[in-house]
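Here's the structure, in structure tokens; my notes come after.
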Amino acid sequence: MIYLSGKAVILKAALLLILVSTSSFANAVEEKSSKLNSLSWKFLSESEASHLLKEKKSMITKEWTDTEKQHLSNDLKTLRLKLPCLCLRVGKIGFARVKDIPSFGECKAATTYQVVVISDHFFKSPEDELSTLAHEFVHRADSGGQLAYSRRWIEFAEKNVVFSKRAGLEPSLKERLAIAMEFYIEGKKNFDRVNFERKILPLLTDVSARSLRLNRLLALANNEHSAHRYDSALRLYEQANKLLPEAPTILYGEACCKASQHKDQEAIDLLDRASKVFQKNHIPIYDPMATTVLLLQSSYFCERNKLVESLALLKSLEETQPSGKILATIQSIKKQCQRKITP
1 MIYLSGKAVI LKAALLLILV STSSFANAVE EKSSKLNSLS WKFLSESEAS HLLKEKKSMI
61 TKEWTDTEKQ HLSNDLKTLR LKLPCLCLRV GKIGFARVKD IPSFGECKAA TTYQVVVISD
121 HFFKSPEDEL STLAHEFVHR ADSGGQLAYS RRWIEFAEKN VVFSKRAGLE PSLKERLAIA
181 MEFYIEGKKN FDRVNFERKI LPLLTDVSAR SLRLNRLLAL ANNEHSAHRY DSALRLYEQA
241 NKLLPEAPTI LYGEACCKAS QHKDQEAIDL LDRASKVFQK NHIPIYDPMA TTVLLLQSSY
301 FCERNKLVES LALLKSLEET QPSGKILATI QSIKKQCQRK ITP
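Heads up: the sequence shown is residues 1 to 343, going by my numbering.
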């Protein structure tokens, strides 16, 4: 929850869909190195997984069977051969075993910043295992959305990974990047494999020192933010910003940290900068990142009595035919504005 002017903005945690395929679990695998190493993995025991997933009470953790461990290890070795640089960007990773992932229906896997959660459904579709793992690894490799929110990816996604274009229903640009990797692995018909290999894959598998350091900083910053250690998170985001200036996810992370420190104007300025990047890169407003920032901005405008600006942003969001939670938030902010117009 972001705080502006000493008041909680009326955005519930469920609305903050930026991390649509990740979650705010704590760090599961201790990273002692200052850089990412070649892919290595750990199977978390049920007690370890239960402790890490304690905030996700709907998830029922399980012990790994020896057969499952061997099966997944074979998949990971195969993926390491197919996409060695993607795996290098992932580095060390932990795997937690659960019965299912209720938030996403019959979901096979979900990614946290350091952990991949594997459900029963994963082992029911052997033909999808490699593409599922590659999907989750993309989330880890592009944890800050540095590729997902780039102009290059947006242009590709608009032609090749198209969905409903409705706020709250449309997969985020980050999720669509992971879906594209699935299409690539599966050899999906009508998917532009040639241009994906030429334009997108080199960025996703960039293992330069700068790229690995940026990925590492963002993973750690996101973990610190999830653990509510905002001072530490802010320092990491600021370091990442020096490597990748004006990246919207970094600006948003910094804004949340500043707001938690009650540095309202600095938070607002960062949100404004993120919004300008959206416009420059033509990031669609129905993307969860853009939707969230616009809602935060409209709430700020309402608090500061900039009612015309607030209502204009809300109208642009309404035009995307938003889903229930987002629509409810829009209506709530509108009511606040209307009360100020007509006391």
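Built from N, CA and C at the ideal position, the CB exists for glycine as well.
Exercise. Under 8 Å between C-beta atoms, does residue 334 make it to chain D?
Worked result: You won't find chain D in this structure, because it holds only one protein chain.
Exercise. Near residue 334, what residues of its chain come up, given a Cβ to Cβ distance below 8 Å and the 5 sequence neighbours on each side ignored?
Worked result: 311 and 314
Problem set entry | Proximal residues to residue 176 (C-beta, below 8 Å), its chain only, five neighbours per side dropped | 148, 157, 161 and 163
For this session: Could you check what DSSP says for residue 227 in three-state terms: helix, strand or coil?
Result: coil
Problem set entry | residue 112, DSSP secondary structure in three states | In the three-state reduction of the DSSP assignment, residue 112 falls in the coil class.
Exercise. Is residue 232 helix, strand or coil by DSSP?
Worked result: helix
Problem set entry | Limits of the unbroken beta strand (DSSP E) element including residue 97 | 92-97
For this session: List the whole-angstrom C-beta distance separating residue 41 from residue 123, where the pair is believed to meet the contact cut-off of C-beta under 8 Å.
Result: Not quite, the Cβ-Cβ distance comes to about 17 Å (not below 8 Å), so this is no contact.
Exercise. Between which two residues does the beta strand (DSSP E) carrying residue 42 extend?
Worked result: 40-43
Exercise. Which full runs of the alpha helix (DSSP H) of 4+ residues lie inside the stretch 180-229, going along the chain?
Worked result: 201-204 and 209-226
For this session: Kindly identify the DSSP beta-bridge partner or partners of residue 285.
Result: Answer by DSSP bridge pairing: none, since residue 285 is not bridged.
For this session: Note down the Cα distance separating residue 90 from residue 286, rounded to an integer number of angstroms.
Result: 28 Å
Problem set entry | Residues near residue 244 in its chain [Cβ-Cβ closer than 7 Å; skip 5 each side] | 146, 214 and 250
Problem set entry | N-terminal and C-terminal residue of the alpha helix (DSSP H) that residue 71 is part of | Counting along the chain, residue 71 sits inside the alpha helix (DSSP H) bounded by residues 66-82.
Exercise. Which stretch, first to last residue, makes up the alpha helix (DSSP H) that contains residue 121?
Worked result: Where residue 121 is concerned, there is no enclosing alpha helix (DSSP H), given that its DSSP letter is neither H nor E.
Exercise. Can you give, in chain order, each stretch of the alpha helix (DSSP H) that sits fully within the stretch 124-161 and has at least 4 residues?
Worked result: 129-141 and 151-160
For this session: Kindly indicate which residue of 337, 281 and 205 has the alpha-carbon position closest to the one of residue 151.
Result: 281
Exercise. Do residue 92 and residue 120 come within 8 Å of each other at the CB atom, strictly closer than that value?
Worked result: Result no, Cβ atoms of residue 120 and residue 92 do not sit closer than 8 Å.
For this session: Per DSSP, which residues does residue 61 bridge with? Please list them.
Result: Beta-bridge pairing links residue 61 to 98.
Problem set entry | Among 108, 200 and 69, the one whose alpha carbon lies nearest that of residue 86 | 200
For this session: Assess, as a yes-or-no matter, whether the stretch 226-241 is touched by the stretch 269-281 under the definition of 3 or more beta carbon pairs within less than 8 Å.
Result: no
Exercise. Residue 256 lies in the alpha helix (DSSP H); which residues open and close that run?
Worked result: 248-260
Exercise. Taking C-beta to C-beta, are residue 266 and residue 276 nearer than 8 Å?
Worked result: no
Problem set entry | 7 Å Cβ shell around residue 228 - same chain, five flanking residues per side excluded | none
Exercise. Do the stretch 129-146 and the stretch 70-81 make contact, defined as three or more Cβ pairs closer than 8 Å?
Worked result: yes
Exercise. Cα-Cα, which of 308, 203, 253 and 263 is closest to residue 292?
Worked result: 253
Exercise. By Cβ distance, which residues of its chain are closer than 7 Å to residue 340, with the 5 residues on each side in sequence left out?
Worked result: Closer than 7 Å at Cβ, skipping near neighbours: 305 and 307.
Problem set entry | Nearest to residue 72 (by Cα), restricted to the options 141, 309, 50 and 117 | 117
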